[in-house]
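Numbering (this note's numbering), first residue to last: 276 to 711.
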Amino acid sequence: MTVRRREHRRFPPLVLVGTDHRASPLELRERVAYDAAATEEALVHLLARDAVGEACLVSTCNRTEVYAVPRDGASPLPGAGYRIAVDLVFLSRAPEMESEGRLYVKRGEEAARHLLSVAAGLESMVLGEPEILGQVKQAHEIAAAVGAAGPVLGRLLRTAADAGRRARAETGISQGAVSLGYAVAELARNIFSQLDETPTLVLGAGETARQVLRSLAERGGGPLRVANRDPEKARRLAEEVGGVEVVPLADRLEAAAASDVVVAATSAPEPLLTRDGLASVVARRAGRPLLVVDLGVPRNVEPAAARLDNVFLHAIDALDILIDRNLRSRREAVPPVEEIVEQELGRFGAWYRGLEAEPLVARLQQRAERIRRSELDAARGRFPADLHGDLDRLTRALVRKILHHPSAGLRSQGDQGELARLDAARELFRLDEDDG
């Protein structure tokens, strides 16, 4: 008898096609960014193709990535599946993505490791950013909702979530402010414990103001207000962030008196908030503290305002020092996070290798059941009819107990990667033979 040898894989035939902040400029990334509804539609179109059995789309402001597994019987990826992902997800929206270097491709173990690293914050523009873990979980929920996350991607996405949770719980990868917006939010949280009950006024509508408003909005801060010399620019920023009120710049002192946090981030040549102006604000606040953050260059707030009672004034230099210190701390956390990624990747690989044993276990149990039935049918005539039920239960129990340890042993060999032993078991029990 000739035993048919299997080609064993340590990892599934997974393919990743993506772009991120290192591969594409913002104007291209914006065009291939997918909201929840567009993600669902893209996944449905991917699954409609014969080559794709499972798919997931991770889309954030800094990355768009497609993970795909071939359908049973389809040609292995990347092949047709790769081309489908490129055309449907990327080139349909931005043909320029076909330029060299815009897209990256990873396969098998490398693709799985990348997803775990993304969830752990190692691949983010801002090292250790906390939002990415929630975005990976949302991608999993959408894929599951449309039936695109099968056993392989479903397990991989759960493993990625585990890696992300462990990275944040066991290391300092996400601790401390590492962007101006995040730093402002952390300062506000240190003084006012509940960000959602902390009225905030932002002066300015440029990129720094945008970072601050986004960071506060993402963390539930508010209510939020914005004022700018150009009201139309302020209105566009308010609409972009959502839930932000626009106030006239001329009313900034009145708005400041109604706020607990004031962030100044304009390019005005003269201070927008003077000591005397803030003194009038403090007089209307009945002793409530006021956090003032000056991110303007030149300064938007007179330094003398720091001497006012209940005013906590922070300039951009102090935040830069804080950010640099926190970034160093996060970089020190990279090696332990990488170790967590490898541990979780190993668990996923062990689970996948364990799948090799399941067909063998099923075949072994099916063969034993056929033998049991054949022998029982041959023996029934030698026993009274009222004992046939007892004989059936007895022989079932015997077969189940006899096969318990061999079945468990086969599964553990697959889980430990001892695939040669699975081949030996296949040959020993002649599990590739037809039973006729």
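We treat Cβ as the ideally placed atom computed from N, Cα and C, and that holds for glycine. Computed from a predicted model, the values in this text were never measured in an experiment.
Member of the options whose CA lies at the smallest distance from the CA of residue i
i	options	result
residue 614	553, 512 and 391	391
residue 605	398, 358 and 669	398
residue 447	516, 555 and 610	610
residue 525	513, 485, 478 and 455	478
residue 459	569, 501 and 529	569
residue 565	540, 541, 534 and 550	534
residue 323	453, 343 and 438	343
residue 291	651, 508, 580 and 382	382
residue 681	649, 637 and 415	637
residue 518	505, 497, 506 and 504	497
residue 439	625, 654, 553 and 618	618
residue 388	503, 629, 468 and 612	612
residue 530	608, 552, 515 and 516	552
residue 596	659, 648, 663 and 451	451
Straight-line gap, residue i to residue j (C-alpha atoms, nearest Å)
i	j	result
residue 603	residue 395	17 Å
residue 640	residue 409	42 Å
residue 538	residue 472	16 Å
residue 690	residue 491	Bear in mind that the predicted position of residue 690 carries a pLDDT of just 49, short of 50, making it unreliable; the figure below should be weighed with that in mind. Rounded to whole angstroms, residue 690 to residue 491 spans 45 Å at the Cα level.
residue 372	residue 314	18 Å
residue 294	residue 386	13 Å
residue 667	residue 651	7 Å
residue 380	residue 665	60 Å
residue 501	residue 332	34 Å
residue 345	residue 325	8 Å
residue 361	residue 545	51 Å
residue 449	residue 307	27 Å
residue 337	residue 404	12 Å
residue 486	residue 456	5 Å
residue 434	residue 593	39 Å
residue 402	residue 576	31 Å
residue 653	residue 411	58 Å
residue 520	residue 554	24 Å
Limits of the beta strand (DSSP E) - the one that residue i falls within
i	result
residue 590	586-590
residue 293	290-295
residue 565	565-569
residue 379	379-382
residue 655	Element bounds for residue 655: n/a, residue is neither H nor E.
residue 303	Here residue 303 belongs to no beta strand (DSSP E); instead the alpha helix (DSSP H) covers 301-306.
residue 519	519-521
For residue i, three-class secondary structure by DSSP
i	result
residue 650	helix
residue 477	strand
residue 535	coil
residue 314	helix
residue 490	helix
residue 327	strand
residue 277	Unreliable placement is indicated for residue 277, whose pLDDT of 40 sits below 50; the coordinate value is still reported in the next sentence. DSSP places residue 277 in coil when its eight states are reduced to three.
residue 419	helix
residue 457	helix
residue 483	helix
residue 339	strand
residue 462	helix
residue 345	strand
residue 287	coil
residue 413	helix
residue 690	With a pLDDT of 49 at residue 690, under the threshold of 50, the predicted position of this residue should be treated as unreliable, though the coordinate-derived value follows. Three-state result, residue 690: helix.
residue 332	strand
residue 572	coil
residue 678	helix
residue 552	helix
residue 559	coil
Distance cut-off 7 Å: residue i Cβ against heavy atoms of the ligand MG
i	result
residue 680	Among the ligands in the structure shown, none appear at all, so the ligand MG cannot be discussed.
Cβ-Cβ distance between residue i and residue j below 8 Å
i	j	result
residue 289	residue 320	no
residue 317	residue 309	yes
residue 470	residue 495	yes
residue 499	residue 512	no
residue 417	residue 311	yes
residue 623	residue 430	yes
residue 540	residue 483	yes
residue 550	residue 585	no
residue 453	residue 598	yes
residue 358	residue 303	no
residue 340	residue 428	no
residue 505	residue 480	yes
residue 559	residue 581	no
residue 423	residue 432	no
residue 643	residue 674	yes
residue 720	residue 522	Missing from the structure shown is residue 720; the chain here goes from 276 to 711 and no further.
Neighbour flag for residue i against chain B, beta carbons, 8 Å
i	result
residue 661	Within the model displayed, chain B is absent; a lone protein chain is all it includes.
Boundaries of the alpha helix (DSSP H) in which residue i is found, first to last residue
i	result
residue 434	426-445
residue 512	506-516
residue 613	609-629
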